[in-house]
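A quick write-up on the structure given underneath.
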Amino acid sequence: MQRMLTSRWLFSLCRSVKSTGVVPSIGGNRTRQILPHRKHFTTNTVKEEDSWKQNLKYYMIGGTFLIVVLPGCCLYLGYLLSQRSFKVSVDPWKYKTEASWYLAVAHYIVVETGPCFLMTQGEGQVVNARIVDPLEPERGLEQVYFASNPNTRKILEIEQNPRVSLAFYLPGQISYVVLQGFARIIKDPFIKKRFWKPAWKFFYPQGPEGDDCVIVQVLVDHIELISHEHGISPSWKAAILKRDIKQRTTWNLVQK
Numbered sequence: 007m008q009r010m011l012t013s014r015w016l017f018s019l020c021r022s023v024k025s026t027g028v029v030p031s032i033g034g035n036r037t038r039q040i041l042p043h044r045k046h047f048t049t050n051t052v053k054e055e056d057s058w059k060q061n062l063k064y065y066m067i068g069g070t071f072l073i074v075v076l077p078g079c080c081l082y083l084g085y086l087l088s089q090r091s092f093k094v095s096v097d098p099w100k101y102k103t104e105a106s107w108y109l110a111v112a113h114y115i116v117v118e119t120g121p122c123f124l125m126t127q128g129e130g131q132v133v134n135a136r137i138v139d140p141l142e143p144e145r146g147l148e149q150v151y152f153a154s155n156p157n158t159r160k161i162l163e164i165e166q167n168p169r170v171s172l173a174f175y176l177p178g179q180i181s182y183v184v185l186q187g188f189a190r191i192i193k194d195p196f197i198k199k200r201f202w203k204p205a206w207k208f209f210y211p212q213g214p215e216g217d218d219c220v221i222v223q224v225l226v227d228h229i230e231l232i233s234h235e236h237g238i239s240p241s242w243k244a245a246i247l248k249r250d251i252k253q254r255t256t257w258n259l260v261q262k
């Protein structure tokens with residue numbers, strides 16, 4: 007009977023040891039530590055390894071965008087901005103005539119410069135100069151347009167003497183262009199609407215139909231050009247192009 011009780015006690019003790027761990031006694035006391043079961047940690051959440059792979063995927067997508075896509079977009083935007091003007095090749099043989107190459111270089115400088123000096127002749131043979139912001143001209147450079155207030159001195163001087171000059175200087179390339187011609191004042195509201203720019207509203211509050219704005223058209227018949235960037239006239243003698251406005255002739259290279 008005593009053996010049966012001892013065996014049963016040992017059997018129950020073995021079962022309890024399987025589910026609990028016994029930490030060695032410290033100071034004569036025994037501490038029971040419950041062992042975790044796997045089923046207590048079984049959930050439906052994503053495994054830690056899968057979550058790490060998913061985060062790595064997002065990091066790779068973001069890194070690819072920052073390293074490849076974003077710089078590529080910036081380069082493409084820069085290319086579009088660079089094509090705002092007509093880029094000129096240095097090789098004259100790519101153009102049909104020598105005059106057309108000089109004209110292309112002149113147009114490039116005019117567009118890249120933007121604002122220029124307008125020179126008119128005032129009282130007492132005095133030449134007056136001021137800055138104007140012309141609209142981008144066509145590649146032929148036959149005419150240039152800009153806006154002004156009819157009460158300004160330049161408009162009064164143009165009415166007395168329509169012969170004017172426009173000077174463009176591009177310091178980064180040591181290049182300049184001078185356009186000479188006859189100016190004509192346009193007050194027609196339909197033509198003003200054609201050339202109107204929203205930014206002009208600040209200077210001309212009445213808009214294209216108002217009386218505070220006129221369009222000045224310069225019919226160009228003389229071009230002087232120097233461009234060290236393109237190897238034109240490094241000897242301090244400007245290249246000269248001329249045309250006859252009345253006969254509507256093409257540009258002729260008079261001096262190079």
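Just remember that our numbering sits 6 ahead of the position in the sequence shown, which is counted from 1.
Ideal placement from N, C-alpha and C gives every residue a C-beta, glycine not left out.
On a predicted model such as this, the values are computed, not experimentally measured, just so you know.
Count the other CB atoms, across all protein chains shown, that sit within 10 Å of the CB of residue i; report buried if there are 16 or more and exposed otherwise.
i    : result
K57  : The sequence given here places Ser at residue 57; Lys does not occur at that position. Flag for S57 reads exposed.
H234 : exposed
V150 : buried
W107 : buried
T255 : exposed
C79  : exposed
I67  : exposed
L231 : buried
W249 : With the sequence shown as reference, residue 249 is identified as Arg, and Trp is not the correct amino acid for it. Buried.
S31  : In this predicted model, S31 has a pLDDT of only 49, less than 50, meaning its place in the structure is not dependable; the value taken from the coordinates is given anyway. By the 10 Å Cβ count, S31 comes out exposed.
R44  : Summary for R44: the model assigns pLDDT 49, below 50, so the residue's position carries little reliability, and this model does not support an answer.
T70  : exposed
L172 : buried
I73  : exposed
A135 : exposed
L185 : buried
G187 : buried
S181 : buried
E163 : buried
Give me the residue from the options with the minimum Cα distance to residue i.
i    : options                   : result
I251 : G68, A105, E148 and L72   : E148
P121 : A110, G130 and F174       : F174
E215 : K199, F208, Q261 and I73  : K199
P140 : W202, D217 and L259       : W202
G146 : F209, Y65, V138 and A105  : A105
K243 : W257, V184, Q261 and F196 : Q261
I246 : V138, M66, I73 and A112   : A112
L259 : K193, I229, Q166 and L62  : I229
V183 : A110, F208, A153 and G213 : A110
L124 : E142, F196, I161 and P77  : I161
W206 : E118, L185, Q253 and A153 : A153
Q2   : P143, G130, K63 and E144  : Any question about residue 2 goes unanswered here, given that the chain covers just 7 to 262.
D217 : V116, L172, I191 and I238 : I191
N157 : Y64, F209, F188 and V116  : F209
F144 : Y114, S239, L62 and P204  : Strictly speaking, residue 144 in this sequence is Glu, with Phe absent from that position. Ranking Y114, S239, L62 and P204 by Cα distance to E144 puts Y114 first.
R159 : V132, L176, D194 and S239 : V132
Q127 : Y65, P168 and I137        : P168
I238 : P211, E142, P77 and Q179  : Q179
Going by DSSP, what residues sit across from residue i in a beta bridge?
i    : result
A135 : M125
F152 : V222
L76  : Answer is none; L76 lacks a bridge partner.
K248 : H228 and N258
Q188 : Position check: residue 188 holds Phe in this sequence, whereas Gln was assumed. Per DSSP, R169 and L225.
V183 : F174 and L231
I197 : Partner(s): none; I197 has no beta bridge.
I164 : Per DSSP, none; premise fails for I164.
I273 : Residue 273 falls outside the range modelled here, since the chain spans only 7 to 262, and no answer is possible.
Check whether the Cβ of residue i lies closer than 7 Å to any heavy atom of the ligand SAM, and answer yes or no.
i    : result
I161 : The ligand SAM is not part of this structure, which contains no ligands at all.
I'd like to know if residue i contacts chain B, where contact means its C-beta is closer than 8 Å to some C-beta of that chain.
i    : result
N134 : This model lacks chain B altogether; it includes just one protein chain.
Check: Touching or not, the region 98–108 and the region 215–228, by the rule of three or more beta carbon pairs under 8 Å?
Finding: no
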